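Trainee: First residue of the sequence shown: 144, per the working numbering; consecutive thereafter. Positions of the beta carbon are idealized from the N, C-alpha and C atoms, including for glycine. Quantities reported herein were computed from a predicted structural model and do not represent experimental measurements.
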Amino acid sequence: MPLPKTGTGAPDRTTHEATVTSKQTLSVIDNRTGKKYEIPIQNDTIHATDLRQIRVNDDDFGMMSYDPAFNNTASCKSAVTFIDGDKGILRYRGYPIEQLAETSTFLETAYLIIHGELPTRPQQTEWVDQITHHTFIHENIKKLMEGFRYDAHPMGMFVSTVAALSTFYPEASRVRDAQSRYRQIIRLIAKAPTLAAFAYRHNTGMPYAYPDNDLSYTGNVLNMMFKTTEAKYQPNPVLEHALDVLFILHADHEQNCSANAMRAVGSSEADPYSAMAAAAAALYGPLHGGANEQVLRMLREIGHIENVSEYIKRVKAKEVKLMGFGHRVYKNYDPRAKIIKRVADEVFEVVGRNPLIDIALELERIALQDDYFVSHKLYPNVDFYSGLIYEALRFPVAMFPVLFAIGRTPGWLAQWQEMLIDPEQKIARPRQVYIGAVKRDYVPIQKRS
Ligand code: ACO
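#1: Can you tell me where the alpha helix (DSSP H) holding SER165 begins and where it ends?
#2: For PHE527, report the span of its alpha helix (DSSP H) as first-last.
#3: Is any non-hydrogen atom of ligand 1 found closer than 7 Å to the C-beta of ARG457, if you look at the structure I gave you?
#4: Look at the alpha carbon of LYS520 and the alpha carbon of ASP513, and state the distance between them as a whole number of angstroms.
#5: Does at least one heavy atom of ligand 1 sit under 7 Å from the Cβ of LEU389?
#6: To which residues of the same chain is ASP412 closer than 7 Å at the C-beta, ignoring the five residues directly before and after it?
#7: With a threshold of 7 Å, establish whether the CB of ARG471 neighbours any heavy atom of ligand 1.
#8: Figure out for me which residue from GLN322, THR176 and TYR515 has the closest Cα to the Cα of LEU465.
#9: Under 8 Å between the Cβ atoms of ILE274 and ILE189?
#10: So does GLY467 have its beta carbon nearer than 7 Å to some heavy atom of ligand 1?
#11: If I measure Cβ to Cβ from ALA418 and keep anything under 7 Å in the same chain, skipping five residues before and after, which residues do I get?
#12: Below 7 Å CB to CB, which residues in the same chain sit around ARG156 once its five sequence neighbours on both sides are set aside?
#13: Rounded to whole angstroms, what's the CA-CA distance from HIS276 to ARG234? Just pull it up for me.
#14: Among the candidates TYR427, VAL525 and VAL381, whose CA atom is the shortest distance from the CA of GLU489?
#15: Hey, would you say the C-beta of LEU392 is under 7 Å away from at least one heavy atom of ligand 1?
#16: Is it buried or exposed, ARG430, if we count other Cβ atoms within 10 angstroms and call 16 or more buried?
#17: How about the stretch 339-352 and the stretch 288-303: do they share at least three Cβ pairs that are nearer than 8 Å?
#18: Does ligand 3 have a heavy atom nearer than 7 Å to the CB of GLY550?
#19: Is ALA480 close to ligand 1? I mean its beta-carbon at under 7 Å from any heavy atom of the ligand.
#20: Apart from the five residues just before and just after SER218, which ones in its own chain have a Cβ nearer than 8 Å to its Cβ?
#21: Name, in chain order, the residues that DSSP records as bridge partners for LYS178.
#22: Would you mind listing the alpha helix (DSSP H) stretches within the stretch 241-278 that are 4+ residues and don't spill past its ends, in chain order?
#23: Which residues share a DSSP beta bridge with LEU233?
#24: For ligand 1, is there a heavy atom less than 7 Å away from the beta-carbon of TYR402?
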């Protein structure tokens with residue numbers, strides 16, 4: 144049974160069946176030599192190494208494919224997340240994102256992503272219990288945090304402290320040991336919010352608030368971020384639920400830049416803390432998870448609905464990018480952005496309307512009618528509205544990518560584990576097309592002009 148490819152078509156399409164009687168090969172004629180090659184097709188792909196037999200002569204290294212930024216290269220087989228970018232479909236382990244956002248919880252979704260199936264009630268109880276009891280971090284991590292400048296970007300602190308965790312759990316280097324792997328997965332999902340919250344408290348000059356095991360995962364995130372003098376922090380259930388949905392929406396997104404970093408670093412058998420620090424570093428960039436921060440800065444810069452048309456003109460003149468728009472895979476409305484818009488309304492009912500939402504809605508309205516955006520298939524992505532909710536929840540913009548990282552943690556870990564147990568995977572090591580100088584002899588400095 145052929146596997147569905149992601150990003151380009153639905154698994155339900157019937158072309159595989161229609162062509163099942165035809166030959167599943169690709170014929171290639173090399174016009175340099177006139178030779179013909181027959182290359183097997185599997186899952187609608189050819190194996191890149193099958194191109195190597197195409198040579199001009201025996202000394203020739205063989206044909207390679209050139210694909211900067213992996214525009215059309217599948218780097219793995221994966222059973223975690225399915226995306227159909229043309230139709231705007233996103234599913235974790237087969238379950239539509241809309242159903243999970245509506246009915247699941249973040250921890251249940253995390254279980255699904257890691258294990259491949261929804262938990263039974265006892266499995267769910269045990270999972271939640273394990274995560275809840277691994278939320279504390281070693282006191283020395285706190286000391287490490289204290290070393291950062293008062294205004295250190297919390298994402299920089301998050302990346303560094305995730306990496307630092309590896310020094311506290313040396314057994315994590317046994318990445319071929321399934322039990323050890325599982326322990327680190329629990330620890331990372333449990334401790335990511337604690338690191339994130341401590342980074343936030345450091346920034347605001349507030350004393351660190353320790354985890355409260357009586358609260359839900361997301362309730363505890365709010366507790367560690369916002370607890371002040373009250374004996375027991377009580378999260379607002381609407382805000383707790385909204386943040387939980389945001390975490391679900393961010394939990395995985397197949398082979399994105401940070402998942403690719405997680406897999407690439409993990410492929411050298413580095414421990415998962417080091418690999419996840421690399422993934423978080425990739426997420427930090429403004430073209431990836433840092434985009435939600437940039438969206439807020441952009442909305443503030445626009446300042447008023449009246450300035451939207453002028454800003455759109457600048458985007459079309461390629462002076463600036465419309466942050467929160469466009470996606471490598473989605474060439475349709477990002478299904479997560481639709482859900483986030485609904486969640487935003489729920490949050491605004493509790494905390495009041497964020498005035499920037501009107502600018503965002505106007506930007507979306509104009510962009511979706513404009514030829515430039517239509518022809519480039521640019522739609523709002525998950526980051527376009529998520530920042531408005533985070534801001535309504537009182538998070539500073541610098542915390543946005545950190546919140547994204549908490550949600551993405553199970554996805555990174557599922558991708559990492561899948562890579563390690565996949566017999567077809569090896570250390571990630573791409574080829575290059577060398578375009579530098581040919582061999583030349585060293586020239587002593589006195590003879591250089
Ligand atoms: N604003 C204006 N034009 C855009 C935008 C945008 N946000 N995004 C893409 N384009 C244009 C490009 O200029 C290019 O135009 P051209 O063909 O006339 O030269 C065309 O659309 C294709 O764009 P690419 O950059 O080639 O698309 P790619 O798939 O490489 O990039 C990306 C995808 C990085 C997300 C891009 O759309 C972007 O920079 N968006 C803004 C940042 C953002 O929101 N990132 C978050 C992504 S979601 C996430 O990571 C969670």
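Mentor: This is what the structure gives:
#1: Boundaries for SER165: no alpha helix (DSSP H) harbours it, and the DSSP string shows neither H nor E there.
#2: PHE527: member of the alpha helix (DSSP H) spanning 525-535, first to last residue.
#3: No; taking the cut-off as 7 Å, the Cβ of ARG457 has no heavy atom of ligand 1 nearer than that.
#4: CA-to-CA, the gap between LYS520 and ASP513 works out to about 10 Å.
#5: No, since every heavy atom of ligand 1 falls outside the 7 Å radius drawn around the Cβ of LEU389.
#6: In the sequence as displayed, the identity of residue 412 is Glu instead of Asp. The beta carbon of GLU412 sits closer than 7 Å to those of VAL318, all from its chain and outside the five residues before and after it, given in chain order.
#7: Short note on ARG471: C-beta closer than 7 Å to some heavy atom of ligand 1.
#8: Ranking GLN322, THR176 and TYR515 by Cα distance to LEU465 puts TYR515 first.
#9: The answer is no: Cβ separation not under 8 Å.
#10: Under cutoff, so the answer is yes.
#11: Within the same chain, Cβ atoms closer than 7 Å to the Cβ of ALA418 are found at MET405, VAL408, GLY409 and TRP559, the five residues on either side in sequence being excluded.
#12: Because the pLDDT at ARG156 is just 34, under 50, the model does not fix this residue reliably, and the point stays unresolved.
#13: Looking at the two C-alpha atoms, the distance is approximately 29 Å.
#14: Between GLU489 and the set TYR427, VAL525 and VAL381, the nearest pair of CA atoms involves VAL381.
#15: No heavy atom of ligand 1 is found nearer than 7 Å to the CB of LEU392.
#16: The sequence given here places Leu at residue 430; Arg does not occur at that position. With fewer than 16 other Cβ atoms within 10 Å, it is exposed.
#17: Touching, per the Cβ criterion.
#18: What this structure holds is ligand 1, not ligand 3.
#19: Not one heavy atom of ligand 1 is found less than 7 Å from the C-beta of ALA480.
#20: Residues of the same chain with a CB within less than 8 Å of the CB of SER218, apart from the 5 flanking positions on each side, are GLN398, ASN403, ARG406 and ALA571 in chain order.
#21: Checking the DSSP bridge columns, you'll see LYS178 partnered with ASP173.
#22: Entirely contained in the stretch 241-278, the alpha helix (DSSP H) runs reaching 4 residues are, in chain order, 249-258 and 264-275.
#23: Partner(s): ILE226.
#24: Note on identity: in this sequence residue 402 is Ala, with Tyr being the wrong assignment. Not under cutoff, so the answer is no.
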